[in-house]
Amino acid sequence: NDELALLYEKIKIQQSVLSRGQIQYRDRLNEIRVLKIKLNDLKRELHILKSSVANIDVLKREVHQLGRELLQERTKVKALSEELENPLNVHRWRKLEGSDPSTYEMIQKIQTLQKRLIAKTEEVVERDLLIQEKE
Numbered sequence: 844n845d846e847l848a849l850l851y852e853k854i855k856i857q858q859s860v861l862s863r864g865q866i867q868y869r870d871r872l873n874e875i876r877v878l879k880i881k882l883n884d885l886k887r888e889l890h891i892l893k894s895s896v897a898n899i900d901v902l903k904r905e906v907h908q909l910g911r912e913l914l915q916e917r918t919k920v921k922a923l924s925e926e927l928e929n930p931l932n933v934h935r936w937r938k939l940e941g942s943d944p945s946t947y948e949m950i951q952k953i954q955t956l957q958k959r960l961i962a963k964t965e966e967v968v969e970r971d972l973l974i975q976e977k978e
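The following block contains the structure:
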C-alpha cells in the first residue's frame with residue numbers, strides 16, 4: 844500500500860511537472876511567435892531604410908549640383924552688378940538726339956495749349972446746355 848501511495852505521489856509530481864512544462868512550452872511558442880513578428884517588422888524597416896539611403900546619395904549629389912549652380916549664378920550677379928556700377932563697354936553707348944526748346948518756344952506752346960483747352964471747355968459747356976435743353 845505504501846508503495847502504491849508512493850507511486851501515486853510520484854505520478855502526481857510527474858503530472859504537475861508535465862503540466863508546468865506544457866505551460867512553459869506554450870509560453871515559449873508565444874514568445875517565438877511575437878519575436879518572429881518583430882523580426883519581420885525589423886526586416887521591413889531595414890528594407891525601407893536601405894532604399895532611403897540610396898535616395899540620400901542621389902539627394903546629396905543634387906544638393907551639391909544645386910550649390911554649384913547657385914555659386915555660379917551669384918558670381919554672374921556680382922559681375923553684372925559691378926559692370927552696372929562701372930560700365931566699361933563704351934561702344935554700347937549712344938547719344939540721344941534732341942534738344943531742349945528755348946524758353947520762348949515753351950511759352951508759345953503753353954499759350955497754344957491754353958487756347959485749345961479754353962476752346963474745348965467752351966465746346967463742352969455748349970454741349971451740356973444743348974443736352975439740358977433737350978431734356
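The opening position of the sequence shown corresponds to residue 844 in the working numbering, with each subsequent residue numbered one higher.
Every residue gets a Cβ at the ideal spot worked out from N, C-alpha and C, and that includes glycine.
Asked                                                                                                : Found
Rounded to whole angstroms, what's the CA-CA distance from Glu928 to Thr918? Just pull it up for me. : 15 Å
Using DSSP with H/G/I as helix, E/B as strand and the rest coil, what is Lys903?                     : helix
Can you tell me whether Asp943 is helix, strand or coil according to DSSP?                           : coil
For Leu872, which three-state DSSP category applies?                                                 : helix
What would DSSP say about Glu948, mapped onto helix, strand or coil?                                 : helix
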